[in-house]
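If you read the protein sequences in the order shown, they are chains P and D.
Taking UniProt numbering as reference, the numbering of the first sequence is continuous, increasing by one, and the terminal residue is 642.
Taking UniProt numbering as reference, the numbering of the second sequence is continuous, increasing by one, and the terminal residue is 343.
Where a beta carbon is used, it is the ideal one built from N, C-alpha and C, also for glycine.
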Amino acid sequence: MSTTTAPAPGASQEDLARLDEHWGERPSIRSWFSTVDHKRIGRRYLVTASLFFVLAGISALAMRTQLARPESNLLSPQEYNQLFTMHGTAMIFLFSTPMLFGFGNYLVPLMIGSRDMAFPKLNALGYWVFLFAGLFMWASLPFGAAPNAGWFAYVPLTDDVNTPGLHMDVYALGLLFLGIATTAGSINFIVTALKLRAPGMSLNRVPLFVWAIVVTAFMVIFALPALNLDNAMLFLDRRFDTHFFDPDAAGNVLLWQHLFWIFGHPDVYIIVMPALGIVSAVLPAFTRRGVVGYVLVVLAIVSIAIISFGVWVHHMFATGLPHLSYSFFSAASTVITIPSGIQIFAWLATMVLGRLVVRVPLLFLIGFIVTFVLGGFTGAMFALTAFDQQVTDSYFVVAHFHYVLIGGAVFPILAAIYYWLPKITGRMYHEGLGRWAFALVFTGMQVTFFPMHLYGLFGMPRRVYTYRSEPGWDVWNLVSTIGSYVLAAGLLLVLIGVVHAIRRGRPAPPDPWGGDTLEWATDSPPKPYNFPVLPQVHSLHPTWDEASRASMGDDATADRTLTDGRRTLLTSELDGRRERVVEMPEASLQPLLLALALLVFFTALLFAWYPVALAALLAGAVTIAVWLWPPRRPEEELGVVS
Amino acid sequence: MNETRDPAYARRRRPVRHAVAAATLAGALPLAACAGDSPSALNPAGAGAIRIAGLWWVLFWISMAVFAEVMALLVWALVFRRRHDTRVRHGQPLRFVAVAGAGVPLVILVVVYALGLRDLAALGAAPGRDAPTVEVTGHKWWWEVRVPGVDGATANELHIPVGERVRVRLRTADVLHSFWVPQLMPKTDLIAGEVRETWLHAERPGRYRGQCAEYCGTQHAHMAFQVVAEPRPQFEAWLARLGSPARQPQTDAERRGQQAFVQGTCAGCHAIRGTGADARVGPDLSDVGSRWSIGAGAVPNDAGHLGGWIANPQTVKPGSYMPPQPVDAERLPDLIAYLRSLT
């Protein structure tokens with residue numbers, strides 16, 4: 001079992017000084033822009049995604065305030081429609097995935113015992129593109145030009161006749177822009193997890209969180225092209241009068257929906273999967289044992305990823321497609337709940353067999369189980385076409401996906417914030433504050449969203465900026481609004497807790513929880529090179545086993561210390577056998593420059609400054625050429641050392 | 001809106017079940033208080049919605065049972081597994097995980113999937129060849145209602161004979177909409193460039209609220225309609241009214257109002273049968289005085305709201321396609337009187 005003492009330094013003072021020289025970054029403005037350190041980039045993802053979460057949350061509060069009573073005039077319909085579209089778009093694209101990618105960025109190299117991501121510069125590019133794409137989209141809101149046709153942007157409402165102005169151009173271009181970041185990040189995760197694992201970490205010793213991130217990354221690679229294609233066609237239709245979605249010219253409006261949901265349903269799991277990975281990562285520390293059924297959980301993760309590509313039509317159950325195809329997609333959508341069930345019962349079994357240490361992260365995991373399970377029930381109901389047709393596009397579906405996404409993603413993310421805060425900041429959070437935050441967030445969530453099941457069944461459609469009191473929806477809407485304020489207060493308390501920890505928190509030991517994965521075997525916060533000595537992994541729970549820990553201490557060897565430059569180890573994909581040493585790239589401004597070129601490109605497309613767009617494209621191409629130009633370095637430095 | 005208070009409409013179908021549901025769902029009195037006149041899927045009045053409500057209660061109780069199982073495990077762990085001297089057990093109860101997480105759910109899901117297929121087939125059974133047919137066209141943001149073979153049109157209100165299945169043919173004039181009457185029938189989307197069909201059936205007379213359920217732009221919130229289920233003779237009378245000229249003005253005020261309508265800007269967009277006004281941009285107003293609302297559910301249909309609507313629809317339904325009307329202050333009461341007389 002674990003200890004909370006610092007790992008015995010297996011590297012000499014001299015080694016540490018040399019590692020520091022190669023990996024350390026002097027604080028300067030230039031290094032702020034040029035860093036490729038996965039931990040700094042991960043932190044930035046977390047902070048930026050949280051900022052977008054706050055903006056999207058404020059949008060939601062404005063909407064809930066408008067809906068507190070019938071026939072309210074607080075917001076105009078035009079304002080409300082932009083707010084609900086930006087709320088959904090931002091929560092899905094600018095918060096959930098980047099936030100979870102932020103944790104992945106910070107934690108995957110640490111968990112697998114590496115010194116950085118496989119492509120550190122690509123990683124930096126991913127962050128800058130995410131930041132710029134997020135600002136690109138949010139910047140439209142103050143000008144009243146924000147996307148306003150819902151986050152799934154159905155044609156023909158989104159064509160240039162029905163929605164003139166920049167609104168949907170911002171949407172299409174913003175998502176295309178953002179897609180670059182998500183794709184780059186996914187490729188990076190896959191290669192990192194397959195090639196950079198510490199020696200001895202065979203596939204069956206890969207932490208469940210890393211499995212979840214890698215499987216998610218594969219899903220992104222397969223799902224995102226459909227969305228990109230959709231948005232490219234939408235932009236062409238709007239700007240250059242093509243007719244992909246124009247029924248009067250033999251286009252097809254359902255084509256948009258098919259392509260959107262071929263991306264969109266896997267995307268639900270792209271959001272939830274890493275969060276389920278967080279659950280599997282956090283639970284062992286607070287149950288004092290490994291998650292039950294490691295192999296079952298991995299199989300569940302992989303099968304969800306595969307099945308999720310065969311269920312998209314359940315978002316289109318009311319469009320009047322043939323019943324035969326509905327019955328197929330209904331069956332697939334029903335079956336996909338089973339791998340989730342396996343995971344839920346694996347966690348419950350873990351809790352029942354272990355010893356519970358009730359701290360804030362565990363409280364959020366309990367909140368997760370309660371909420372996610374309820375969302376899962378309504379999810380299984382939506383798999384039944386006949387029932388779906390009654391409640392889809394009503395507040396019942398709003399209730400359903402908030403149970404799934406707040407329960408399945410936000411609660412695990414909050415657990416992750418409290419769990420890894422000591423690792424990331426080197427400071428402990430205040431337990432009492434955290435418990436209050438949990439109580440408010442959990443209560444607020446239920447009070448806000450449970451009634452939505454009811455007024456959805458009572459006939460209230462979603463996406464209405466106001467309603468009359470006759471249908472009897474007003475009391476429940478008021479309850480929801482009150483709940484949303486409680487939820488917001490709880491989230492504010494989370495923020496206060498984080499700020500309090502950073503400014504006033506006790507210094508955190510390397511391993512405050514007795515965690516089982518490798519990030520707890522190094523300093524809090526970790527040094528830029530993560531591990532003075534790269535570990536030799538002997539089990540699924542390396543920080544809990546003596547041999548793996550000793551490999552970084554007394555049993556350290558020079559071939560895992562690698563002090564001659566920015567170096568880390570490549571290992572084989574399946575068995576984690578040592579292959580060779582690789583040289584990692586230095587800090588560079590190229591990622592930022594490329595991202596800026598792309599920002600100019602997309603902005604110029606938005607405003608139809610096509611020569612500027614062309615120039616930006618050329619500038620981007622030049623940056624890529626310089627980036628990829630083979631460096632004039634001796635062969636030994638090119639990674640051909642052994 | 002007093003005409004919505006049909007006693008049969010307010011009657012609860014399965015009082016005991018609903019009471020249990022109310023208590024279980026939220027322990028809530030307001031539910032019971034509002035269920036009577038609520039357009040609720042749990043207060044079904046037609047063959048389609050009754051089926052779905054039945055399916056819902058099956059799903060609801062299964063969910064509650066599984067939820068109880070999950071909560072029991074969670075509470076058990078929290079109560080018995082948190083003492084400091086609790087011995088951690090390192091077993092791998094894979095069989096438990098497989099049975100509880102996959103086996104039992106699989107059995108449940110196969111059963112509910114079969115029930116779902118049964119109900120999908122029931123919803124898909126088209127009404128007979130000689131069933132009455134109503135054609136509904138979605139516009140931003142109102143519903144145009146026509147009957148094949150009948151010349152006239154109305155808006156945001158369609159009539160069906162009680163106890164009969166009525167075919168509803170759905171088209172859209174612009175963007176996607178979705179036709180939803182929670183108490184009678186689940187949704188069918190209106191797809192641009194295509195024709196969709198659904199059917200309606202009401203087992204008792206009443207007025208059933210429907211609303212567009214697919215986001216369709218600025219005034220999606222105000223795109224409601226009513227389905228009026230009435231005995232066959234009244235339905236036929238409605239059909240006859242739909243095919244005949246609008247009621248002639250009876251009083252001087254009404255006559256002046258009609259003149260204002262035909263000669264003013266109104267006739268540029270609206271039709272009133274028998275007056276020569278036959279534009280089809282906005283709703284046909286031949287029976288506007290008898291409709292349940294103004295602006296597809298935006299405000300009740302009374303003289304005050306009608307006047308406000310004509311003067312400036314943008315204050316009532318911002319973003320709607322009807323611009324403010326330059327009607328003289330002294331002409332407005334006449335116009336209102338005329339339109340109110342069109343029943």
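- prompt: Around the Cβ of Leu589 of chain P, are there at least 16 other Cβ atoms within 10 angstroms (buried) or fewer (exposed)?
  reply: exposed
query: Residues bridged to Thr133 of chain D by DSSP?
result: D:Arg167
- request: With 8 Å as the C-beta to C-beta threshold (strictly closer), list the residues of the stretch 61-90 of chain P near chain D in chain order.
  value: Ser76, Pro77, Gln78 and Asn81
message: To be precise: take each residue of the stretch 105-133 of chain D, compare its Cβ to all Cβ atoms of chain P, and keep it if any distance is under 8 Å. Which residues remain?
response: Pro105, Leu106, Leu109, Val112, Tyr113, Leu115, Gly116, Leu117, Asp119, Leu120, Ala121, Ala122, Leu123 and Gly124
message: Please give the ranges of any alpha helix (DSSP H) in the stretch 299-332 of chain D, keeping only runs that are unbroken, at least 4 residues long and fully inside the region.
response: 303-311 and 313-316
message: Nearest by alpha-carbon distance to Phe235 of chain P: which of P:Ala153, P:Leu67, P:Pro274 and P:Tyr467 is it?
response: P:Ala153
- prompt: Within the chosen definition, does the stretch 278-285 of chain P reach the stretch 303-323 of chain P through at least 3 CB pairs nearer than 8 Å?
  reply: no
- request: Using a Cβ-Cβ cut-off of 8 Å, state whether Glu214 of chain D counts as contacting chain P.
  value: yes
- prompt: When you compare only the Cα positions, how much space is there between Cys34 of chain D and Gly297 of chain D?
  reply: Bear in mind that the predicted position of Cys34 of chain D carries a pLDDT of just 44, short of 50, making it unreliable; the figure below should be weighed with that in mind. Going by the C-alpha atoms only, they are around 19 Å apart.
- prompt: Unbroken alpha helix (DSSP H) runs of length 4 or more, entirely within the stretch 144-209 of chain P: which are they?
  reply: 167-195
- request: Report yes or no: is there a C-beta of chain P within less than 8 Å of the C-beta of Leu306 of chain D?
  value: no
- prompt: Can you list the residues of chain P that Asp174 of chain D reaches, using a CB-CB cut of under 8 Å?
  reply: Pro156 and Asn162
C-beta neighbour in chain D for Gln446 of chain P, strict 8 Å: no
query: Can you tell me whether Glu583 of chain P is buried or exposed, with buried defined as 16 or more other CB within 10 angstroms of its CB?
result: buried
query: When DSSP labels each residue in this structure, what does Phe225 of chain D get in the three-state scheme?
result: strand
message: What residue range does the beta strand (DSSP E) around Glu579 of chain P cover?
response: Arg578 to Glu583
Rounded C-alpha distance that separates Ser244 of chain D from Arg273 of chain D: 7 Å
task: Excluding the 5 residues preceding and the 5 following Ala508 of chain P in the sequence, name in chain order all residues of the same chain whose CB lies nearer than 6 Å to its CB.
output: Pro422, Gly426, Arg427, Met428 and Ser524
Own chain partners of Phe329 of chain P with C-beta closer than 7 Å, once the 5 adjacent residues on each side are dropped: Val311, Val313 and His314
field: C-alpha gap between Gly293 of chain P and Leu356 of chain P, whole angstroms
entry: 18 Å
query: Between the stretch 88-102 of chain P and the stretch 134-154 of chain P, are three or more C-beta pairs nearer than 8 Å?
result: yes
message: With a threshold of 7 Å on Cβ separation, who are the neighbours of Gly200 of chain P within its own chain once the five nearest residues in sequence on each side are excluded?
response: Gln536, Val537, His538 and Gly576
- prompt: In terms of alpha-carbon separation, which member of D:Pro182, D:Arg81, D:Arg167 and D:Ala41 lies closest to Ala125 of chain D?
  reply: D:Arg167
- request: Return no unless some Cβ of chain P is closer than 8 Å to the Cβ of Val227 of chain D.
  value: no
- prompt: Taking just the CA atoms, how far does Asp252 of chain D sit from His220 of chain D?
  reply: 39 Å
- request: May I ask you to report which of helix, strand or coil DSSP gives Met137 of chain P?
  value: helix
query: In chain P, which residues lie with their C-beta within 9 Å of the C-beta of Gly54 of chain D?
result: Correct list: empty, because the minimum Cβ distance to chain P is about 10 Å.
query: In chain P, which residues lie with their C-beta within 7 Å of the C-beta of residue 361 of chain D?
result: Any answer about residue 361 of chain D is impossible in this case: the structure gives chain D only from 1 up to 343.
task: Under the assumption that Ala246 of chain D contacts Leu342 of chain D (Cβ atoms under 8 Å), give the Cβ distance between them as a whole number of angstroms.
output: 5 Å
task: Anything in the stretch 225-247 of chain P with a Cβ closer than 8 Å to a Cβ of chain D? List those residues in chain order, please.
output: Pro247
message: Is the beta carbon of Ser96 of chain P closer than 8 Å to that of Ala409 of chain P?
response: yes
field: Beta carbon proximity, Phe67 of chain D to chain P, threshold 8 Å
entry: yes
field: Contact between the stretch 58-77 of chain D and the stretch 254-269 of chain P (3+ Cβ pairs under 8 Å)
entry: no
Simplified DSSP state of Ile336 of chain P, which is helix, strand or coil: coil
field: Residues of the stretch 438-462 of chain P whose Cβ lies closer than 8 Å to any Cβ of chain D, in chain order
entry: Phe450, Pro451, His453, Leu454, Leu457, Phe458, Gly459, Pro461 and Arg462
message: I want to verify the contact list: residues of chain D whose CB lies under 7 Å from the CB of Pro471 of chain P, in sequence order.
response: Ser38, Pro39 and Arg209
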